[in-house]
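Visitor: Those letters in the sequence shown? Residues 205 to 775, by the working numbering. Cβ atoms here follow ideal geometry from the backbone N, Cα and C, with glycine treated the same way.
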Amino acid sequence: MYGEPALPPDFVSLPYANPDAPAGGRIVFGESGSFDSLNPFILKGRAPWGQSGLTTETLLGRSYDEPFTLYGVLAESVDTDDARSYVEFTLRPEAKFSDGSPVTAEDVLWSFQTLGTVGHPRYLNSWTKIAKSEITGPRSIRFTFNTQDRELPLILGLRPVLKKAQWEGKDFTESTLEAPIGSGPYTIGKYETGRFISFVKNPDWWGKDLPFNRGRQNLNEVRYDYFGDAGVVFEAFKAGELTSYRETNAAKWDEQYNFPAVLSGDIVKSEIPHSRPSGIDGFVMNTRRPFFADWRVRQALILAFNFEQINTTITGGASPRIQSYFSNSILGMEPGKPAMGRELELLQPFAADLPPGTIEGYALPVAQDATNRKGIRAAKKLLEQAGWTTDDTGVLRNGDGKPFTFDILLTNGASEVITIANMYIEALKTLGINATLTTIDSAQMTERTNAYDFDMTHMIRNMSLSPGNEQTFYWGSAGVTEPGSRNLMGMNSPAAEAMIATLLNAKSQEDFVASVRALDRILTAGRYVIPFWFSKFSRIAHVKQLKYPGTLPVYGDWPGFQPDVWWYDPN
Numbered sequence: 205m206y207g208e209p210a211l212p213p214d215f216v217s218l219p220y221a222n223p224d225a226p227a228g229g230r231i232v233f234g235e236s237g238s239f240d241s242l243n244p245f246i247l248k249g250r251a252p253w254g255q256s257g258l259t260t261e262t263l264l265g266r267s268y269d270e271p272f273t274l275y276g277v278l279a280e281s282v283d284t285d286d287a288r289s290y291v292e293f294t295l296r297p298e299a300k301f302s303d304g305s306p307v308t309a310e311d312v313l314w315s316f317q318t319l320g321t322v323g324h325p326r327y328l329n330s331w332t333k334i335a336k337s338e339i340t341g342p343r344s345i346r347f348t349f350n351t352q353d354r355e356l357p358l359i360l361g362l363r364p365v366l367k368k369a370q371w372e373g374k375d376f377t378e379s380t381l382e383a384p385i386g387s388g389p390y391t392i393g394k395y396e397t398g399r400f401i402s403f404v405k406n407p408d409w410w411g412k413d414l415p416f417n418r419g420r421q422n423l424n425e426v427r428y429d430y431f432g433d434a435g436v437v438f439e440a441f442k443a444g445e446l447t448s449y450r451e452t453n454a455a456k457w458d459e460q461y462n463f464p465a466v467l468s469g470d471i472v473k474s475e476i477p478h479s480r481p482s483g484i485d486g487f488v489m490n491t492r493r494p495f496f497a498d499w500r501v502r503q504a505l506i507l508a509f510n511f512e513q514i515n516t517t518i519t520g521g522a523s524p525r526i527q528s529y530f531s532n533s534i535l536g537m538e539p540g541k542p543a544m545g546r547e548l549e550l551l552q553p554f555a556a557d558l559p560p561g562t563i564e565g566y567a568l569p570v571a572q573d574a575t576n577r578k579g580i581r582a583a584k585k586l587l588e589q590a591g592w593t594t595d596d597t598g599v600l601r602n603g604d605g606k607p608f609t610f611d612i613l614l615t616n617g618a619s620e621v622i623t624i625a626n627m628y629i630e631a632l633k634t635l636g637i638n639a640t641l642t643t644i645d646s647a648q649m650t651e652r653t654n655a656y657d658f659d660m661t662h663m664i665r666n667m668s669l670s671p672g673n674e675q676t677f678y679w680g681s682a683g684v685t686e687p688g689s690r691n692l693m694g695m696n697s698p699a700a701e702a703m704i705a706t707l708l709n710a711k712s713q714e715d716f717v718a719s720v721r722a723l724d725r726i727l728t729a730g731r732y733v734i735p736f737w738f739s740k741f742s743r744i745a746h747v748k749q750l751k752y753p754g755t756l757p758v759y760g761d762w763p764g765f766q767p768d769v770w771w772y773d774p775n
């Protein structure tokens with residue numbers, strides 16, 4: 205995205221992969237929930253976790269030891285100009301799908317058009333920025349852009365490539381158990397809908413000898429078993445049914461990993477540090493609901509959330525609170541401090557419409573004690589200013605006499621988040637607010653969040669060191685009404701969209717950092733989410749035979765780190 209790639213043209217492998225890793229073995233993960241589709245590229249249905257990355261490939265691949273640098277995978281070369289007004293990819297002649305047929309420019313063109321027009325809405329934003337698509341040679345395809353967006357060549361390089369011939373005469377938009385044919389290292393083996401799925405290494409994988417792939421995708425089988433809730437997943441791991449388990453609770457990591465397999469050394473506890481932003485994890489308020497439209501109400505609900513008490517109860521107080529969407533990185537705003545320099549310059553044109561604290565400085569409240577009296581008092585004042593008062597029976601009502609009630613929608617089995625919600629519901633009673641809790645299965649959750657049919661729910665958004673077009677999908681105004689976006693809070697902020705446009709076209713690191721920090725201010729001071737906590741390292745418990753390289757990338761344990769560069773050593 206900026207500067208030069210870190211690796212030379214003749215690199216042997218990615219710096220965090222072990223090119224001498226042995227091939228073989230398997231890994232078994234556990235997931236709560238279910239799946240009912242094998243097409244992960246559309247809005248309908250719920251596909252298995254990991255399918256896209258294991259079975260399909262992209263023109264370019266990302267090095268997680270750099271903020272945003274891509275290297276050739278299906279493409280042997282890429283061409284663009286200084287303005288990045290177009291991009292042209294030339295395919296490797298040896299690139300093949302899992303059925304042995306070649307990957308062609310026609311497949312690339314069809315994949316991009318199909319995903320951009322009838323695929324999942326996450327692909328739409330980039331497709332609308334393409335003015336012209338044309339096959340320019342036997343293995344070459346060129347995309348010319350109608351919008352200035354310096355990230356577009358990289359974004360298109362990360363689009364999955366599917367086989368056109370497979371879908372002739374079929375409706376790509378319908379949920380199906382026919383898996384898209386890809387060119388990736390794995391194909392789908394045995395599966396039972398909602399119970400398990402096995403991904404099996406393709407012995408004829410065309411890309412196994414590419415330098416980019418050396419030391420990657422070493423396992424013969426990657427399997428996902430599905431269970432009713434997270435608690436059952438952990439018990440299955442303890443019973444030896446799973447070979448790896450990711451722990452997100454610091455207190456549980458310290459206190460509950462004393463079962464026999466850990467004590468004997470058959471299970472290893474690995475802590476993997478990272479340098480990526482905290483992202484956001486918490487309860488999101490749907491501002492499409494009138495009672496959440498006022499920032500004063502949202503701030504009152506943030507004040508009522510006693511993070512310190514909840515954190516102590518759930519994690520033993522070991523985990524720091526998320527302070528902003530990009531905290532824990534150079535891209536994060538400074539909590540409580542005013543915008544200055546380039547940040548201020550970018551925000552100033554929108555000052556009149558920004559919530560208080562965006563420019564002046566905003567920081568999350570800190571509860572003084574278990575009763576959170578100071579926070580509750582401040583919340584009551586804000587609610588009164590917003591037109592909500594408590595009647596003689598202690599019920600909070602608006603000027604029309606309607607009580608303040610809302611529902612927290614969560615997934616079945618999300619035991620930790622359900623505990624947090626129940627503690628929060630009790631705290632809200634002191635304000636006269638009647639909050640309820642509804643739990644549904646994962647398929648229903650997907651359907652309802654796609655349609656924005658909720659008051660409050662749990663939201664996680666991971667952030668990278670090179671945010672770009674995905675930010676529009678997360679926060680863009682189109683998502684207020686168009687289903688399937690990640691704009692769960694329903695925010696409509698011209699200021700946020702202007703910051704995204706600036707970061708997409710920044711030619712210097714200074715402008716890029718300033719625009720992201722300004723966006724961070726808009727998101728955080730918008731008071732859309734009640735943040736939880738984050739960890740500066742990942743906790744993975746796994747059988748001792750599963751190994752990972754000693755050299756770790758800047759992103760640490762990114763979503764594909766396991767099983768991407770892990771291997772199985774029977775000794």
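For Gly221, which residues in the same chain have their Cβ closer than 6 angstroms to its Cβ, ignoring the five residues on either side in sequence?
Guide: With the sequence shown as reference, residue 221 is identified as Ala, and Gly is not the correct amino acid for it. Hits under 6 angstroms: Gly419, Arg420, Val769.
Visitor: Return the residue from the list Pro342, Thr318, Thr562 that minimises the CA-CA distance to Thr332.
Guide: Closest by alpha carbon: Thr318.
Visitor: Let me check one thing: in DSSP terms, what residues is Ala279 bridge-paired to?
Guide: Leu295.
Visitor: Rounded to a whole number of angstroms, what is the C-alpha to C-alpha distance between Leu295 and Gly276?
Guide: So the two alpha carbons sit approximately 9 angstroms from each other.
Visitor: Tell me the start and end of each unbroken alpha helix (DSSP H) in the segment 511 to 541 that is at least 4 residues and wholly inside, in chain order.
Guide: Complete alpha helix (DSSP H) runs here, min 4: 511 to 519.
Visitor: Going by C-alpha distance, which of Ala369, Asp433, Phe416 is nearest Thr615?
Guide: The candidate whose alpha carbon is nearest that of Thr615 is Asp433.
Visitor: Let me know the secondary structure DSSP gives Leu274 once reduced to three states.
Guide: Leu274 falls in the strand class under three-state DSSP.
Visitor: Buried or exposed: Asn350, going by 16 or more other Cβ atoms within 10 Å of its Cβ?
Guide: That one is exposed.
Visitor: Have a look at Arg427, His324, Asn329, Leu366 and flag the residue whose alpha-carbon is nearest the alpha-carbon of Glu378.
Guide: When each option's Cα is compared against that of Glu378, the closest is His324.
Visitor: Would you give the residue range spanned by the alpha helix (DSSP H) that Ile624 belongs to?
Guide: From DSSP, the alpha helix (DSSP H) with Ile624 extends over 619 to 632.
Visitor: By the DSSP assignment, the alpha helix (DSSP H) with Asp582 in it spans what residues?
Guide: The question names Asp, yet the displayed sequence has Ala at residue 582. Segment 577 to 589, the alpha helix (DSSP H) holding Ala582.
Visitor: Under the DSSP definition of a beta bridge, which residues are partnered with Val322?
Guide: In DSSP, Val322 forms no bridge with anything.
Visitor: If contact is defined by three or more beta carbon pairs under 8 angstroms, each pair taking one atom from either stretch, is the segment 534 to 550 in contact with the segment 734 to 744?
Guide: Result no; under three Cβ-Cβ pairs closer than 8 angstroms.
Visitor: Measure from the alpha carbon of Ile339 to the alpha carbon of each residue in Arg492, Arg354, Glu292, then state which is nearest.
Guide: Here the closest residue by C-alpha is Glu292.
Visitor: Starting from Met660, trace the alpha helix (DSSP H) both ways and give me its first and last residue.
Guide: It is not in any alpha helix (DSSP H) - Met660 instead sits in the beta strand (DSSP E) that spans 660 to 665.
Visitor: For the beta strand (DSSP E) containing Arg721, list its first residue and its last residue.
Guide: No beta strand (DSSP E) holds Arg721; the alpha helix (DSSP H) holding it covers 713 to 729.
Visitor: Once the 5 residues before and after Met695 are set aside, which same chain residues still bring their CB inside 7 angstroms of it?
Guide: Cβ neighbours of Met695 beyond the five flanking positions: Thr491, Trp679, Gly730, Tyr732.
Visitor: With a threshold of 16 other CB atoms inside 10 Å of the CB of Ser217, please say whether the residue is buried or exposed.
Guide: By the neighbour-count rule (16 or more Cβ atoms within 10 Å), Ser217 is buried.
Visitor: What span of residues does the alpha helix (DSSP H) with Glu674 cover, start to end?
Guide: 674 to 679 is the span of the alpha helix (DSSP H), which, as asked, contains Glu674.
Visitor: Quick check: what's the CA-CA separation for Arg480 versus Leu723?
Guide: Going by the C-alpha atoms only, they are around 17 angstroms apart.
Visitor: Let me check understanding here. Comparing Cα to Cα, which of Pro271, Arg427, Ala504 lies closest to His478?
Guide: Of the listed residues, the one whose Cα sits closest to His478 is Pro271.
Visitor: Consult DSSP for Ile563 and reduce its assignment to one of helix, strand or coil.
Guide: If DSSP states are grouped into helix, strand and coil, Ile563 belongs with coil.
Visitor: For Phe400, which residues of its own chain have a beta-carbon under 6 angstroms away from its beta-carbon, when the five flanking residues on both sides are left out?
Guide: Hits under 6 angstroms: Asp429.
Visitor: Excluding the five sequence neighbours on either side, which residues of its own chain have a C-beta within less than 6 angstroms of the C-beta of Asn417, listed in chain order?
Guide: Closer than 6 angstroms at Cβ, skipping near neighbours: Gly411.
Visitor: Expressed to the nearest angstrom, what Euclidean distance is found between the alpha-carbon atoms of Pro209 and Leu535?
Guide: Cα to Cα, Pro209 sits roughly 21 angstroms from Leu535.
Visitor: Enumerate, from N- to C-terminal direction, the unbroken beta strand (DSSP E) stretches of 3 or more residues contained entirely within the segment 430 to 473.
Guide: Counting only runs of 3 or more, we get 448 to 451.
Visitor: Answer with buried or exposed for Ala251, where buried requires no fewer than 16 other C-beta atoms within 10 angstroms of its C-beta.
Guide: Its Cβ being crowded by 16 or more others within 10 Å, Ala251 is buried.
Visitor: Can you have a look at Ser267 and say buried or exposed, based on whether 16 or more other CB atoms are within 10 angstroms of its CB?
Guide: Ser267 is buried by the Cβ-count criterion.
Visitor: Which residue from Tyr395, Gly483, Pro389 puts its Cα closest to that of Met663?
Guide: Closest option to Met663, Cα to Cα, is Gly483.
Visitor: State the Cα-Cα distance for the pair Leu548 and Ile563, rounded to the nearest angstrom.
Guide: Each residue's alpha carbon lies about 7 angstroms from the other.
Visitor: Between the alpha carbons of Val501 and Leu635, how many angstroms are there, rounded?
Guide: Approximately 12 angstroms, taken between the alpha carbons.
Visitor: Under 7 angstroms between the Cβ atoms of Lys231 and Val488?
Guide: This sequence places Ile at residue 231; Lys is not what is there. No; because the gap between Cβ atoms is not below 7 angstroms, this pair is not in contact.
Visitor: What three-state label does DSSP hand Trp771 in the structure shown?
Guide: Here Trp771 sits in strand by DSSP.
Visitor: Where do the ends of the beta strand (DSSP E) carrying Pro735 lie?
Guide: Its beta strand (DSSP E) spans residues 733 to 735.
Visitor: Would you say the segment 611 to 631 touches the segment 595 to 602, given that touching needs at least three Cβ pairs under 8 angstroms?
Guide: Verdict: no, contact absent.
Visitor: What is the residue span of the beta strand (DSSP E) that Met489 lies within?
Guide: Counting along the chain, the beta strand (DSSP E) containing Met489 begins and ends at 484 to 489.
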